[in-house]
Structures are given as structure tokens and as C-alpha cells.
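Notes follow once the structure below has been shown.
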């Protein structure tokens, strides 16, 4: 049985993509070990059809975190027997690349985003230059690269003159989750529910969404996730007197997310076009919303516009002013005729955008590499 080690810097509880790929590899007959890191405030990993390992590290962010993680990862990969390595994002690539060369085993690089252009690096030119140096040194030497959408595949292919394969981060279609009630989840039962799920970071439109809620007395915004600006958002909610209209649920394990998603009236994915990573993204949350049959209020980013042109599943913003955002939110919940149209389109989109199809793409890729 071919042994695979996949590594990521997340704590594994919320990362849907690495879980789906690990499950698919196990299903295809691989012996999979998924490596992440342990955060002090996160729960134990529930039983999965593959092995997991999480590093306990002294640092959780910054240069010392990345240095200690990659050093620990390097020696782990070096000493554990395996025939295939999978590096998830640039922050795990260095250790994986070095070990793949030392051992002479294949490496698959799965880049989930346009890493060197994330907003967190916009005002940190030195840190960005370090990551870019690593990317420029290693990327052209990798034979197998996958990413999450066609726009990112094209960007990387043009920059490094190599073929980049697309495996979308579509949701699994066969999950039989018994949904909890709103009361059990602590969700208001007599309000219209607007949902944001994902990273709580800058330039995701969350500040504007909170301001828009001052104009929506009959609605509640549910924010599920954690990130750098979460304390600032909580302060903003208190300052604006919106504690009854905005509820924070923190980090929710991906297997529990459907409980919340299915109860929402619609979901928002309103990242700003302020950096290349967001500009060419196609947010995972959009497909989670589709999978739950709830319409989407989204930013007019290239990949999103393409999706909306093929499937009438919601509305797109024209700007990020809170007044405009509030108007769009009202239209999402009050326009009955549009809701009927969206529901029909959502059923078709849900049937189309499933992990089953992406699993076949992954299988074909592994077959071409002679690993099946």
C-alpha cells in the first residue's frame, strides 16, 4: 500500500479541503497520514478514515512559528517511511521539497491561494519577499501542482511556465448530517438569518456588513469563524449597540457547519478586490451555501461573475457602502419571485458542484503519475 504524508499548517479541525483529499486518497487505497498543528483551544479530532498527527509548538504565529513548524515537519518527513508527499500551501513547501529530493520520492503541491498576494502580506514587504524567494526557487522544480480554480491555475502557469491542474474545493454530496434545531444551536428562531462562515480577516467586507445591520432590524448576522480582526469586530458590535443583531460563534469544525448553514436565509461572500489573492478567489463558502440550498450575496470577482452567469443563485454587490449592502440584503430576503428562481437554480448547481467529480480528477492525475 502506497504511503502518503500530507501536511498543512492548520489544526485540521476546520480545513475541509485537506480532509476531502485525504479521504479520497484512503478510498483509492493509499495509507494516508495528515499532519497539522495543535492549537490549545481546539477540540480533539473526531475519528477519520486516515491517520492524523498534530505538532505541539511553542509559537502559534510569526516567523518563529513557521521556522519551528517546518523544522519539525522536515525531520518527521525524513524519518517516516512514505512514497508520496503532499504540501498544502507555500508555508509547508520548503520542508516537503527538501525531503522529496533527499528521498527521491514524488511531491504534489496543492496551493489553495495566491499565497504571496494575501492581504496579510500587503504591508510587510520583507516577509513577502522571503516567501516569494522560496516560491521562485521551488515552484519551477515541482512536476505536479494543483490549485482550487482556473484563474489561479492560469496565474501560476503563466508565472512559472508549468502546467497547473485544477481540483475545485466542491463539497461532499453524500453527508447525512442530522441537523440540530435553531434552539439547540442558540440561533434566533423569529429572525431572518444572514450567514458568514470562513476566516475573519481584513478585506472580507465584515466591517461593512456589521454597519449594514444597523438598517436591518428584522435580521441577525451569524459570523462563524475566527481570525485576526475578530476582536475588532466584537468591539465594533458593542460600540454600535448591535449585540442582538450579530452573533459570533467562533471556529466550528467543518463536520458541524451544515447545522448552521442550512438554517440561514442566505450567505454572504463579500471579499474585496484589494489584492490578487482575493481578486482571483472562488470562496469555499459559496459552495457550502449552494450545498445547503441557500442563495448567495457575493462580490463581483472574476470567478464569481463566471459562476453567477451560469447559475442564477443570488445577487452581486456593486459597492461596499453599508447602505448599498443593506439594500441588497433586504432584496435577498424580501423578493419572493427571485427566491423562487434561486431555489430552482440552486438545486441544479448543488447537483453539479460535488466533490465526487473532483475526486475523479484527482484519481486521473494520480493514475497519470503512475501512483495507482
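Numbering (this note's numbering), first residue to last: -9 to 362.
Positions of the beta carbon are idealized from the N, C-alpha and C atoms, including for glycine.
Give me the residue from 226, 151, 272 with the minimum Cα distance to residue 297. Start at 1 with the first residue of the chain shown, and residue 297 comes out as number 307. Of 226, 151, 272, the residue nearest in Cα terms is 272.
Cβ pair residue 137, residue 150 closer than 8 Å: Numbered from its first residue, the chain shown carries residue 137 at position 147. Numbered from its first residue, the chain shown carries residue 150 at position 160. The answer is no: Cβ separation not under 8 Å.
Taking the continuous beta strand (DSSP E) assigned at residue 20, which residues delimit it? On the chain shown, residue 20 is found 30 positions in, with the first residue counted as 1. Note, residue 20: premise wrong, no beta strand (DSSP E); not H, not E.
Which of helix, strand or coil does DSSP assign to residue 211? The residue labelled residue 211 in the question sits at position 221 within the chain shown. Collapsing the DSSP output to three states places residue 211 in a strand.
Just the Cα atoms here: how many angstroms apart are residue 56 and residue 91? Locating residue 56 in the chain shown gives position 66, counting from the first residue. Locating residue 91 in the chain shown gives position 101, counting from the first residue. Spanning the two alpha carbons is a distance of roughly 21 Å.
Selection from 162, 131, 69, 119 that minimises the alpha carbon distance to residue 8: Position 18 of the chain shown, counted from the first residue, corresponds to residue 8. Nearest C-alpha to residue 8 among 162, 131, 69, 119: 162.
Taking a contact to mean a Cβ-Cβ separation below 8 Å, would you say residue 135 touches residue 72 in this structure? Counting from one through the chain shown, the residue named residue 135 turns up at place 145. Counting from one through the chain shown, the residue named residue 72 turns up at place 82. Cβ distance not < 8 Å, so residue 135 and residue 72 don't count as in contact.
Residue nearest to residue -3 in terms of C-alpha spacing, selected from 34, 17, 30, 45: In the chain shown, residue -3 corresponds to position 7, counting from 1. Checked all of 34, 17, 30, 45; the closest Cα to residue -3 is 45.
Range of the contiguous alpha helix (DSSP H) that encloses residue 277: Start at 1 with the first residue of the chain shown, and residue 277 comes out as number 287. Element bounds for residue 277: 274 to 281.
Given a cut-off of 8 Å on the beta-carbon distance, is the pair residue 215 and residue 245 in contact? Translated into the one-based positions of the chain shown, residue 215 becomes position 225. Translated into the one-based positions of the chain shown, residue 245 becomes position 255. With contacts defined as CB atoms closer than 8 Å, residue 215 and residue 245 fail to qualify as a contacting pair.
Please report the straight-line C-alpha distance between residue 182 and residue 319, rounded to a whole angstrom. Numbered from 1 along the chain shown, position 192 holds the residue referred to as residue 182. Numbered from 1 along the chain shown, position 329 holds the residue referred to as residue 319. Spanning the two alpha carbons is a distance of roughly 10 Å.
Out of 332, 173, 313, point me to the one whose CA is closest to residue 286's CA. Within the chain shown, residue 286 is the residue found at index 296, counting from 1. Nearest Cα to residue 286 within the set 332, 173, 313: 332.
Assumed close pair residue 338, residue 301 - CB separation to whole angstroms, cut-off 8 Å: Numbered from 1 along the chain shown, position 348 holds the residue referred to as residue 338. Numbered from 1 along the chain shown, position 311 holds the residue referred to as residue 301. The C-beta distance from residue 338 to residue 301 rounds to 7 Å, short enough to meet the 8 Å contact threshold.
With DSSP as the reference, identify every bridge partner of residue 154, one or two as the case may be. By 1-based counting over the chain shown, the position of residue 154 is 164. For residue 154, the pairing in a beta bridge is given by DSSP as 135.
Starting from residue 78, follow its DSSP beta bridges and name the residues at the other end. If you number the chain shown from 1, residue 78 lands on position 88. Answer by DSSP bridge pairing, in chain order: 100.
Report yes if the C-beta distance between residue 148 and residue 195 is below 8 Å; otherwise report no. For the purposes of this step, residue 148 is taken as the residue at position 158 of the chain shown. For the purposes of this step, residue 195 is taken as the residue at position 205 of the chain shown. Result no, Cβ atoms of residue 148 and residue 195 do not sit closer than 8 Å.
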